[in-house]
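Engineer: This structure is in structure tokens; I'll ask about it shortly.
Take a look at the structure:
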């Protein structure tokens with residue numbers, strides 16, 4: 001059960017960072033994300049956020065710094081050998097802090113869009129988990 005919870009959260013966390021609603025889910029997404037550097041993760045996420053949330057250049061610069069800061073924080077957790085539940089708790093707390101930082105940069109409308117995208121990703125992950133479980 002703890003493994004499933006962690007797997008669900010790890011997938012959610014990764015996909016929330018990606019914020020790409022057209023992403024095709026696959027079983028090896030965690031492995032793919034583990035192989036990317038924090039800089040690559042931050043850059044990719046920033047470009048997606050710039051497009052999806054219509055960020056201006058000043059916002060893009062700030063969001064890039066925030067994404068890099070949190071990609072660096074999450075990288076050792078995702079690659080570490082710690083317990084899955086402990087990782088889940090750490091990642092959840094980091095995401096909470098990141099959301100607060102982003103809220104300070106986004107307009108109210110942009111932050112609402114960001115939250116909506118997060119919820120969409122969670123739902124897609126749940127659907128993917130159900131499909132994977134059935135197969």
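Residue numbers (the numbering used here): 1 to 135.
By construction, the Cβ of each residue, glycine as well, lies at the ideal position given by its N, Cα and C atoms.
No experiment lies behind these values; they were computed from the predicted model shown.
Should the region 88-106 be regarded as contacting the region 122-130, the criterion being three or more beta carbon pairs within less than 8 Å?
Structural biologist: In short, these stretches do not touch, since the Cβ pair count stays below three.
Engineer: With a 10 Å radius around its C-beta and 16 neighbouring C-beta atoms as the bar for buried, classify residue 54 as buried or exposed.
Structural biologist: By the 10 Å Cβ count, residue 54 comes out exposed.
Engineer: CA-CA distance, residue 46 and residue 135?
Structural biologist: The straight-line gap from Cα to Cα measures roughly 34 Å.
Engineer: Drop a sphere of 10 angstroms on the beta-carbon of residue 108, count the other beta-carbons inside from all chains shown, and report buried for 16 or more, exposed for fewer.
Structural biologist: Classification of residue 108: exposed, given that the 10 Å Cβ count is below 16.
Engineer: I need the DSSP call for residue 54, collapsed to helix, strand or coil.
Structural biologist: Looking at residue 54 - three-state DSSP - the assignment turns out to be coil, as it is neither helix nor strand.
Engineer: If you draw a straight line from the C-alpha of residue 112 to the C-alpha of residue 131, how long is it?
Structural biologist: Between residue 112 and residue 131, the C-alpha separation is close to 29 Å.
Engineer: How is residue 35 classed by DSSP in three states: helix, strand or coil?
Structural biologist: Reduced to three states, the DSSP call for residue 35 is helix.
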